[in-house]
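Please read the structure below before turning to the comments.
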Amino acid sequence: MKKYNLYILTLAGLMVLFNACKDEDLVILPEWESGVHAYTIVADGSASDFKDQETDIPITFNMKWKSIDKENTVNKIELYVLFNEPYIDLDGNPKTAAHGGDEGILWATLEGGDVPTNAEFTNFTITQDEVYQLYSGATYDYENGNGEVPVYANPDAPERDADTRPFIPGDTFSMKWILYTDDGRVFDSWSPSVCTEFPEANCSINWTIVCAETIANPPGDYVLSLEDDYGDGWNGAALQVIVDGVATDYTIDDGFSDTYTVTVPDGTSTLTFGFVSGDYDSEVIFTITSPKGNVIASADGTVTPPAEGELTLDLCLE
């Protein structure tokens, strides 16, 4: 019984000792800070990518910032644009020239009344011309033995033209942002979950440049090569060349083939091509070759015959 009493007294003494040694100042309690993030999307009705050779057509973005607990306010937003260009090195390996590095170049700043309130969208537009102004003086070493050369005077990319075609299919773009808040904090990075998993949150938005759908510079000589698989002409079918709204038909009246060179005059604003259906469209074979030597439309007689109406053109090489 004496031993039990001794154990109880010892335990009680230790409890008193531990309580006496406890220092409330050493207890660390986390202080949670409020945070903000942004969300940017392509506006309804806007093009989602740049179009080749249509440098003044914008993409419209909707953007908002959010403070989940409503404890902070964004007073400035900086928007940065990145431009990535694919190329092939001397060894034949595909590479990417990351113009602007990882952070991009400052394109625009929203301040004052241009900054929306919490969770409310604002919108802005960007064009190829504006991105070109950011990167017009860029240089890069394409690892081809020429050292660092201007992006817009690269002998290995003669199709890139500063005035008419600053960006070409294959180029990609990104926009990132930095948020400044009333309490002096700067938000320039977020966790991967915020960037990819959190509802109505992202950390960048990407787009590319796609092939044009209309001929930007119509004048020149276009070659129409027409064939008939059976040899009895096109039986009422025809290719239409439509210059500023005026259509001219080209066909094979009889036989296996015919070729036309159509000169589109200087000053022409619009040029489209159409197909007029005949009795035996499965026999129809044709190519349309542009002044640059590229086949921009064709039918080969082995697939579904061309549909009547305006032809969809392949302008990726133009």
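Following UniProt numbering, the numbering of the sequence shown begins with 1 at its first residue and continues without gaps.
Note that CB positions come from ideal geometry on N, CA and C, so glycine has one too.
These numbers come from a predicted model, not from an experiment.
Mind checking Lys51: buried by the 16 CB within 10 Å criterion, or exposed?
buried
Quick check on DSSP: helix, strand or coil for Leu311?
coil
For Gly276 versus Thr287, is the C-beta spacing smaller than 7 Å?
It is worth fixing the name first, because residue 276 is Val in this sequence and not Gly. The beta carbons of Val276 and Thr287 sit no closer together than 7 Å.
Do you know whose CA, among Ile252, Thr60 and Asn144, lies nearest Phe124's CA?
It is Thr60 whose Cα lies nearest to the Cα of Phe124.
Taking 7 Å as the threshold (C-beta atoms), are Ala162 and Val151 in contact?
no
Identify every residue that forms a DSSP beta bridge with Thr289.
Val223 and Val295
With DSSP run on the structure shown, which of helix, strand or coil describes Gly274?
strand
Should Ala237 be labelled buried (16 or more other beta-carbon atoms within 10 Å of its own) or exposed?
By the 10 Å Cβ count, Ala237 comes out buried.
Between Glu54 and the ligand MG, is the CB less than 6 Å from at least one heavy atom?
The ligand content of the structure shown is nil, which means the ligand MG is not present either.
Just to confirm, is the Cβ distance from Phe256 to Asp228 under 7 Å?
yes
With distances taken between CB atoms, is the gap from Thr261 to Asp314 smaller than 7 Å?
no
Compare the beta carbon distance of Met175 and Leu79 with 7 Å and say whether it is the shorter of the two.
yes
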